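Peer 1: Okay, handing you the structure first.
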Amino acid sequence: MEVVRLIGYDFRDLIGGSWSMNIAVFGTGYVGLVQGAVLADAGHRVICVDIDEDKIEGLKNGIVHIYEPGLESLVVAGYEQGQLHFTTNAREAVENSDTLFIAVGTPPDEEGSADLQYVLEVAETIGSYMNDYKLVVNKSTVPVGTADKVNERIKSVLARRGADFDFDVVSNPEFLKEGAAVNDCKRPDRIVVGTSSAQAKARMQELYAPFNRNHDKMIYMSVRSAELTKYAANCMLATKISFMNEMANLAERLGADIEEVRHGIGSDSRIGYSFIYPGAGYGGSCFPKDVQALIRTANALGYPSRILQAVEAVNEHQKHHLLELIDQYYNNQDPANSLEGKTFAVWGLSFKPQTDDVREATSRVVLEGLWQRGARVRAYDPAAMRETQRIYGDREDLALCGTREEALKGVDALIICTEWKQFWSPDFDLLYQKIGDRVIFDGRNIYNPEKLKALGFAYYGIGRGLSITNNESQ
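Going by this note's numbering, the letters in the sequence shown line up with residues 33 to 506, in that order.
Set out below in structure tokens:
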């Protein structure tokens, strides 16, 4: 790219702008589609590539296959304005783009390590069609050393072609939160770039100029450091969650209230309030996969990570804790009583609010555990109904309901699995009328135990001390 200069200055410095780039994004999942749409919104020309023809045709018609607030309107606007394109033609994308993002999935393999098959397939494609200098940006979450493998794969393909083009491979990990991905991408708190190439650094600085005006958010480091930064960040957050859940389980046994403890420790500026909310375990596509992948990496190096192993073990136990509380309650009512024939309302199916993602969600553990016990489920979620239907299909013991109130019809108990805002302030008089056993199992601690006790409910939260019931003798 030739830079226009005027009296010794870069022309872009005078106008405060940046050059529009031709960008290809391989992968149209959460990361790729959000990144592509946001870059197009900033004025770059973006072409998103996917092998799924139905998905590409859907995107051309404004059909966004994932639930992410603000994404659909951004995609539609970008496409209508001619800044955002969709194709299955990888050759066209590579040949006509100067910056190539790899944003494909890295699902765990049978041993829990990240599967690099799709990343390396994209590298093969890039090597097959590149026709001049290309900047390859690895946006997928990948193990340390993956950039080296991408580099080697591209070089080997070029060698087979007898071609000799320069290229750089940089690590540029994403730090997007599902449910807030568009805003996180538009207003990042940091932009991590792993590279030792001055040319790559200059182009990345130019690429992210529209998102870097308030203050310098660019953090440059070695490629391997950038790759590890992504894993370290997610594993640190997962560690905070599992630690707090461990404290919650202690609080239940000690008669303490973990919500009071949370306020007590969160006020310490060294700890803070973020990610110290106790609950029924973390899920989604990132934390479980990344913790497992880093555990496998550590094992392969002969340095087992005892902390991460404990984080994973605590979380796996925590996903079953709601079932433990349900068993405890009904066993206390009648030791001979089983859940056979009981019906439970489940509010919340996604692993967190503002997403339809049910991967590794606690709700799935709860649903499957209830079915194993012979119970039936009436479930509602504002976004994840279609995905739940896709996973479980039609079952006699599962009713997917259109509203939270419909899910209460003929139930014995209510279970909260996801803290969607519309669940925070229900009509408790209606709940009292609808819930046969008048018991609520709150996996996200969104209700006040004392208030529910006064209303006549039995209440089981996470780490709320002794279980609060409507019968003082229990």
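No residue lacks a Cβ here, since even glycine has one placed at the ideal position from N, Cα and C. If you're wondering where the values come from, they're calculated on a predicted model, not measured in any experiment.
Jot down the residue ranges of each uninterrupted alpha helix (DSSP H) in the region 65 to 123, minimum 4 residues, whole runs only, in chain order.
Peer 2: Complete alpha helix (DSSP H) runs here, min 4: 85 to 92 and 103 to 112.
Peer 1: When you compare each of 238, 210, 357 and 256 to residue 319 by their alpha carbons, which one comes out closest?
Peer 2: For this step, residue 319 is matched to residue 287 along the sequence shown. Of the candidates 238, 210, 357 and 256, the one whose C-alpha sits nearest the C-alpha of residue 319 is 210.
Peer 1: Hey, which unbroken runs of the beta strand (DSSP E) at 3 residues or more fall wholly within the region 334 to 398?
Peer 2: 375 to 379
Peer 1: Taking all protein chains shown into account, do 16 or more other C-beta atoms lie within 10 angstroms of the C-beta of residue 196, making it buried, or fewer, making it exposed?
Peer 2: In the sequence shown, the residue the question calls residue 196 occupies position 164. The residue in question, residue 196, is exposed, as its Cβ has fewer than 16 Cβ neighbours within 10 Å.
Peer 1: At what residue ranges does the region 200 to 228 contain a whole run of the alpha helix (DSSP H), taking only runs of 4 or more?
Peer 2: 213 to 218
Peer 1: For residue 181, which option in 213, 148, 160 and 171 has the closest C-alpha, if you only look at C-alpha atoms?
Peer 2: For this step, residue 181 is matched to residue 149 along the sequence shown. The shortest C-alpha separation from residue 181 is found at 148.
Peer 1: Report the option in 334, 128, 98 and 299 whose CA atom is closest to the CA atom of residue 390.
Peer 2: On the sequence shown, residue 390 is found 358 positions in, with the first residue counted as 1. Measuring from the Cα of residue 390, the nearest candidate turns out to be 98.
Peer 1: Who are the Cβ neighbours of residue 198 in its own chain at under 6 Å, not counting the five residues just before and after it?
Peer 2: Taking the sequence shown and counting its residues from 1, the one referred to as residue 198 is at position 166. Excluding positions up to five away in sequence, the list reads 165.
Peer 1: Under 8 Å, with one C-beta from each stretch per pair, do the region 445 to 457 and the region 371 to 381 reach the 3-pair mark?
Peer 2: yes
Peer 1: Looking at residue 273 and residue 314, is the spacing between their C-beta atoms short of 8 Å?
Peer 2: Residue mapping note: residue 314 aligns to position 282 of the sequence shown, counting from 1. Residue mapping note: residue 273 aligns to position 241 of the sequence shown, counting from 1. Against a cut-off of 8 Å, the Cβ pair of residue 273 and residue 314 comes out as a contact.
Peer 1: Since residue 172 contacts residue 134 with CB under 8 Å, what's their CB separation in whole angstroms?
Peer 2: Your numbering for residue 172 matches position 140 in the sequence shown. Your numbering for residue 134 matches position 102 in the sequence shown. Sure, about 6 Å apart at Cβ, within 8 Å.
Peer 1: So is residue 170 buried or exposed if we call it buried at 16+ other beta carbons inside 10 Å?
Peer 2: Against the sequence shown, residue 170 aligns to sequence position 138. Its Cβ being crowded by 16 or more others within 10 Å, residue 170 is buried.
Peer 1: Could you say which of 416, 395, 256 and 317 lies nearest to residue 409 if we only look at CA atoms?
Peer 2: For this step, residue 409 is matched to residue 377 along the sequence shown. Taking only the C-alpha atoms, the option nearest residue 409 is 395.
Peer 1: Could you name the residues of the same chain whose beta carbon sits closer than 6 Å to that of residue 478, not counting the 5 residues immediately before and after it, in chain order?
Peer 2: As a working note, residue 478 is residue 446 in the sequence shown. The residues are 451 and 456.
Peer 1: If the criterion is Cβ atoms closer than 8 Å, does the pair residue 263 and residue 221 meet it?
Peer 2: The sequence position of residue 263 within the sequence shown is 231, counting from 1. The sequence position of residue 221 within the sequence shown is 189, counting from 1. Against a cut-off of 8 Å, the Cβ pair of residue 221 and residue 263 comes out as no contact.
Peer 1: If you draw a straight line from the alpha carbon of residue 337 to that of residue 141, how long is it in whole angstroms?
Peer 2: For the purposes of this step, residue 337 is taken as residue 305 along the sequence shown, with counting starting at 1. For the purposes of this step, residue 141 is taken as residue 109 along the sequence shown, with counting starting at 1. Using only the alpha carbons, I get a separation of about 19 Å.
Peer 1: On the criterion of 16 or more Cβ atoms from any shown chain inside 10 Å, does residue 350 qualify as buried, or is it exposed?
Peer 2: Within the sequence shown, the letter at position 318 stands for residue 350. By the 10 Å Cβ count, residue 350 comes out buried.
Peer 1: Can the beta-carbon of residue 71 be found closer than 8 Å to that of residue 55?
Peer 2: Position 39 of the sequence shown, counted from the first residue, corresponds to residue 71. Position 23 of the sequence shown, counted from the first residue, corresponds to residue 55. Judged by beta-carbon spacing, residue 55 lies within the 8 Å limit of residue 71, meaning their Cβ atoms are closer than that value.
Peer 1: Cutting at 8 Å between CB atoms, please list the residues of its own chain near residue 219, excluding the five before and the five after it.
Peer 2: The count along the sequence shown starts at 1 and reaches residue 219 at position 187. Taken in chain order, the residues that qualify are 243.
Peer 1: Kindly indicate the opening and closing residues of the alpha helix (DSSP H) around residue 4.
Peer 2: Not covered by the structure: residue 4. The range shown for the chain is 33 to 506.
Peer 1: Check the DSSP bridge columns for residue 473 and list the partner residues they point to.
Peer 2: In the sequence shown, residue 473 corresponds to position 441, counting from 1. According to DSSP, which records beta bridges pairwise, residue 473 is partnered with 447 and 492.
Peer 1: Tell me which same chain residues have a C-beta within less than 7 Å of the C-beta of residue 442, skipping the five on either side of it?
Peer 2: Locating residue 442 in the sequence shown gives position 410, counting from the first residue. Beyond the five residues adjoining it in sequence on each side, residue 442 comes within less than 7 Å, by CB distance, of 375 in the same chain, given in chain order.
Peer 1: Between which residues of its own chain and residue 91 is the CB-CB distance below 6 Å, once the five residues before and five after are set aside?
Peer 2: Locating residue 91 in the sequence shown gives position 59, counting from the first residue. Contacts found: 118.
Peer 1: Note down, in chain order, each residue of its chain lying with its Cβ closer than 7 Å to the Cβ of residue 357, except the 5 sequence neighbours on either side.
Peer 2: Locating residue 357 in the sequence shown gives position 325, counting from the first residue. The residues are 473 and 492.
Peer 1: Would you mind giving the Cβ-Cβ distance between residue 471 and residue 361, rounded to the nearest angstrom? I have them listed as a contact below 8 Å.
Peer 2: Translated into positions along the sequence shown, residue 471 becomes position 439. Translated into positions along the sequence shown, residue 361 becomes position 329. At roughly 6 Å, the Cβ-Cβ gap stays under 8 Å, so residue 471 and residue 361 are in contact.
Peer 1: Nearest-angstrom Cα distance between residue 413 and residue 387?
Peer 2: Counting from 1 along the sequence shown, the entry for residue 413 is found at position 381. Counting from 1 along the sequence shown, the entry for residue 387 is found at position 355. If I take the Cα positions, the gap works out to 10 Å.
Peer 1: For the beta strand (DSSP E) holding residue 412, just list the boundary residues, first then last.
Peer 2: Your numbering for residue 412 matches position 380 in the sequence shown. Residue 412 -> beta strand (DSSP E) spans 408 to 412.
Peer 1: State buried or exposed for residue 251, treating a residue as buried only when at least 16 other CB atoms are found within 10 Å of its CB.
Peer 2: For the purposes of this step, residue 251 is taken as the residue at position 219 of the sequence shown. Exposed, by the Cβ-count rule.
Peer 1: Closer than 6 Å by C-beta to residue 59: which residues in its own chain qualify, once you throw out the five before and the five after it? Chain order, please.
Peer 2: By 1-based counting over the sequence shown, the position of residue 59 is 27. Hits under 6 Å: 135 and 136.
Peer 1: Identify whether residue 431 lies in helix, strand or coil by the three-state DSSP scheme.
Peer 2: Position 399 of the sequence shown, counted from the first residue, corresponds to residue 431. Strand.
Peer 1: So, is residue 517 buried or exposed, given that buried needs 16 or more other C-beta atoms within 10 angstroms?
Peer 2: Residue 517 cannot be examined here, being either before or after the span of the chain that is shown, 33 to 506.
Peer 1: Quick one, are the C-beta atoms of residue 122 and residue 178 less than 8 Å apart?
Peer 2: As a working mapping, residue 122 is identified with position 90 in the sequence shown. As a working mapping, residue 178 is identified with position 146 in the sequence shown. Not in contact: residue 122 and residue 178 (Cβ atoms no closer than 8 Å).
Peer 1: Going by Cα to Cα distance, which pick from 115, 290 and 193 is closest to residue 75?
Peer 2: As a position in the sequence shown, residue 75 is number 43, starting the count at 1. Measuring from the Cα of residue 75, the nearest candidate turns out to be 115.
Peer 1: Can the beta-carbon of residue 81 be found closer than 8 Å to that of residue 57?
Peer 2: Counting from 1 along the sequence shown, the entry for residue 81 is found at position 49. Counting from 1 along the sequence shown, the entry for residue 57 is found at position 25. Yes.
Peer 1: Unbroken alpha helix (DSSP H) runs of length 4 or more, entirely within the region 220 to 301: which are they?
Peer 2: 230 to 239, 255 to 286 and 290 to 298
Peer 1: Where does residue 49 fall in DSSP's three states?
Peer 2: On the sequence shown, position 17 is the one that residue 49 refers to. Summary for residue 49: the model assigns pLDDT 48, below 50, so the residue's position carries little reliability; its value from the coordinates is reported in the next sentence. It is coil, neither helix nor strand.
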